[in-house]
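A.B. asks:
Chains as they are written, first to last, in the working numbering: chain A, 83 to 390; chain B, 30 to 449.
#1: Within 9 Å (strictly less), CB to CB, does residue 406/B reach chain A?
#2: In chain A, which residues lie with their C-beta within 8 Å of the C-beta of residue 224/B?
#3: Quick check: what's the CA-CA separation for residue 339/A versus residue 313/A?
#4: Inspect the CB distances between the segment 326–343 of chain B and the segment 130–138 of chain B and report whether three or more fall short of 8 Å.
#5: Between residue 167/B and chain A, is any beta-carbon pair separated by less than 9 Å?
#6: In chain B, which residues lie with their C-beta within 9 Å of the C-beta of residue 358/A?
#7: Could you spell out the range, first to last residue, of the alpha helix (DSSP H) harbouring residue 325/B?
#8: Beta-carbon of residue 309/A versus every beta-carbon of chain B: anything under 9 Å?
#9: From residue 182/B to residue 368/B, what does the alpha carbon distance come to, in whole angstroms?
#10: Could you work out which residues of chain D lie near residue 65/B, taking near to mean beta carbons separated by less than 8 Å?
#11: Below 6 Å CB to CB, which residues in the same chain sit around residue 130/A once its five sequence neighbours on both sides are set aside?
#12: On a CA-only basis, which of 409/B, 248/B, 400/B and 378/B is nearest residue 437/B? Give me that one, please.
#13: Please check if any C-beta of chain A sits within less than 9 Å of the C-beta of residue 425/B.
#14: Going along the chain, which residues of its own chain have a beta-carbon closer than 6 Å to the beta-carbon of residue 223/A, five neighbours each way excluded?
#15: If the cut-off is 7 Å on Cβ atoms, which residues from the segment 134–150 of chain B count as contacting chain A, listed in chain order?
#16: Which residues, taken in chain order from the segment 73–85 of chain B, show a beta carbon closer than 8 Å to some beta carbon of chain A?
#17: Look at the alpha carbon of residue 174/B and the alpha carbon of residue 232/A, and state the distance between them as a whole number of angstroms.
#18: Assign residue 65/B to one of three DSSP states: helix, strand, or coil.
#19: Excluding the 5 residues flanking residue 237/B on each side, which residues of the same chain have their C-beta closer than 6 Å to its C-beta?
#20: Given residue 177/A, which residues of its chain have a CB within under 6 Å of its CB, disregarding the five upstream and five downstream residues?
#21: Do the CB positions of residue 387/B and residue 163/B come within less than 9 Å of each other?
#22: How many whole angstroms separate the CB atoms of residue 63/B and residue 371/A, which I take to be in contact at a CB cut-off of 8 Å?
#23: Pick helix, strand or coil for residue 130/B, following the three-state DSSP scheme.
#24: In chain A, which residues lie less than 7 Å from residue 386/B when you measure between Cβ atoms?
#25: Strictly below 7 Å CB to CB, what residues from chain A border residue 415/B?
#26: Taking 9 Å as the cut-off, decide whether the C-beta atoms of residue 340/B and residue 219/B are in contact.
#27: Hey, could you find the ends of the beta strand (DSSP E) residue 233/A is sitting in?
#28: Within 10 angstroms of its Cβ, does residue 403/B collect 16 or more other Cβ (buried), or is it exposed?
#29: Using a C-beta to C-beta distance shorter than 8 Å, which residues of chain B count as neighbours of residue 170/A?
#30: When DSSP labels each residue in this structure, what does residue 249/B get in the three-state scheme?
#31: Starting from residue 367/B, follow its DSSP beta bridges and name the residues at the other end.
#32: Beta-carbon of residue 228/A versus every beta-carbon of chain B: anything under 9 Å?
#33: Would a C-beta distance cut-off of 9 Å place residue 115/A and residue 292/A closer than the cut-off?
#34: In the DSSP assignment, find the unbroken alpha helix (DSSP H) run with residue 421/B in it and report its ends.
#35: For residue 82/B, count neighbouring C-beta atoms within 10 Å of its own C-beta (all shown protein chains included) and say buried if the count is 16 or more, exposed if not.
#36: Going by the beta-carbon positions, is the gap between residue 325/B and residue 207/B smaller than 9 Å?
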């Protein structure tokens, strides 16, 4: 293969890596939107908190002299998911549930306030500087002729693919097979009717926040390890990207969020292959505007009918 | 007190412990290149435990706490205002008195407070502009600061490259900001409310990224400095005139040079601009277009069935809001003399939104009131400045929960059937 196509292949791999984590965050947006029709603006901050918790646990366990990397990672994952879910649940309980049923703008403004609050809460408690963690998972496979262009696929990237794939599969099974999952689907179909049929919709809504937050925490762990740096401001932009991904795929649809995340990740990687990387955000927001213009319901979304 | 109360209280306290202990109780710290975890100080733990105790007790005695809150009389700001009838005759005099006081006031106080008042006036202008979009038309715009930036950079660039004066640039800035608003609004205003919020947010980021990276034009992160100050019919407020032969303000009026003239002059321009904006918006609100904005906010489907063109109406609100931000931006650039993309971050949009929400969406009085609170309070509480944004966020959540209509809710003439 020529140097150029190998270069593109490398960008495709990088794009899919980032894209799959966007997908994990986007699911949180899409599930919440699908059920209560609001944008959980603070979702990006949950991802950031997930990253911080991961760093704290890893640094703490390494400090205590634990050496087995898989065990450290599993503990970090479990703790991060637990803490992030607690945050997600609390946010819903404190900032959104009392506002349910009011004008659409009101919960959205509350969510923006929550996002600002959480960001500054972390700034105050953890400091606003970058926190760097030395790479834990190093090495990888290299393909191609070193004299032309070497495509590398690091173990970290493979780990991201595997964990994303496992979480997606578990989520799909949960949504399609379990009792709670069926209730979730019923809620997104018709909240009022579900309530009448004797399902505790408050519980189901809380559950969506918990599941979304747990997935965001997984993304936080993966991206935290991948980049090796975290600061309190990563949540804002990641949340925005993930929301773009959710809209791209059709908000409310879980496969759509995954597709949107992957497309967005690849688009960004391809953009930064040809333009200065600062412009990749410009391209992804441009993409969002174009999608909303020509296909407002997204790639896999159902067109929304406004009822009086 | 029953057992479910106790259960609730223990549960809430447990949740607060989980939330607090990992983020506040433990701090990441780089310890000679190795990332280490440090425990919190005893004082911080005391705070955490104190906070948890508050949560626990407030849950345990929630009925009593609620009763206590209900016992506090709600401040009825409307009642403080004079009666509607009397107010109508008094109003012109009151407005004249306020304007006179605002004109005389800066000559009696310190330079610092005049400067602060100018900043407040900028925020009032921005708040009024966003009020058209969010409060009246009900479109959530999270990238309002982008138009502010367009206005500021228009003046800065025109003044730097073409030496144009502030007064000539003021309408150009507003016009260009309005054009940007139009171009952005045209495609996206057909979308539903929450999509619009995200698209405008993205637009705000795009503008900031462009300003940051287009170094050859905007100077990138270094910004533009040495922006010319406004002049009074060509009279400068510097010690010496920039151009040969030109006169400065103090030479022309044969006074001693004082730097506070410049500050007061800027303040007076700001007062003038704010009065213009308030007047214009007040007229617009009474025109069919203003009525249409509010009608569209209340019920879009009803409006469409009555034959109102919703895209045109939304677009007019969006464009007018943007042009107000352009005005404010142009003035901001002139006042600072230096601008950089740092001044136009998302937080700035959030602050303006907070002003609108706090004041009461749609209510001009409320917004002026809120802008004054939001700019003066941080100055008064400087030792708490690091908590400023935290409290901002909290305030937005709390306001939405307890008083979504704002401090001074918008009042419109209405008739109510009294229930027997």
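For glycine and all other residues, C-beta sits at the position ideal for the given N, C-alpha and C. Note that the structure is a prediction, hence the values are computed from the model and not measured.
C.D. replies: This is what the structure holds:
#1: no
#2: Contacts between residue 224/B and chain A, judged by CB atoms closer than 8 Å, involve 329, 374 and 378 in chain order.
#3: 25 Å
#4: No, because fewer than three Cβ pairs between the segment 326–343 of chain B and the segment 130–138 of chain B fall closer than 8 Å, the two stretches do not touch.
#5: Interface with chain A (9 Å Cβ-Cβ cutoff): residue 167/B is included.
#6: 242, listed in chain order.
#7: 317–327
#8: no
#9: The alpha-carbon atoms of residue 182/B and residue 368/B are separated by roughly 8 Å.
#10: Going by chain labels, chain D is absent from the structure shown, which instead holds the protein chains A and B.
#11: Excluding sequence neighbours, residue 130/A sits near 316 and 317.
#12: 400/B
#13: yes
#14: 235
#15: none
#16: none
#17: 44 Å
#18: strand
#19: 370 and 373
#20: 192 and 196
#21: Result no, Cβ atoms of residue 387/B and residue 163/B do not sit closer than 9 Å.
#22: Residue 371/A and residue 63/B do not touch by the CB rule: their CB atoms are close to 45 Å apart, not below 8 Å.
#23: DSSP, read as helix, strand or coil, puts residue 130/B in helix.
#24: 191
#25: 206
#26: In contact: residue 340/B and residue 219/B (Cβ atoms closer than 9 Å).
#27: 233–236
#28: buried
#29: Those do not exist, as residue 170/A stays about 11 Å from chain B at its closest Cβ, beyond 8 Å.
#30: helix
#31: 254/B
#32: no
#33: no
#34: Run containing residue 421/B: 417–431, per the alpha helix (DSSP H) assignment.
#35: exposed
#36: no
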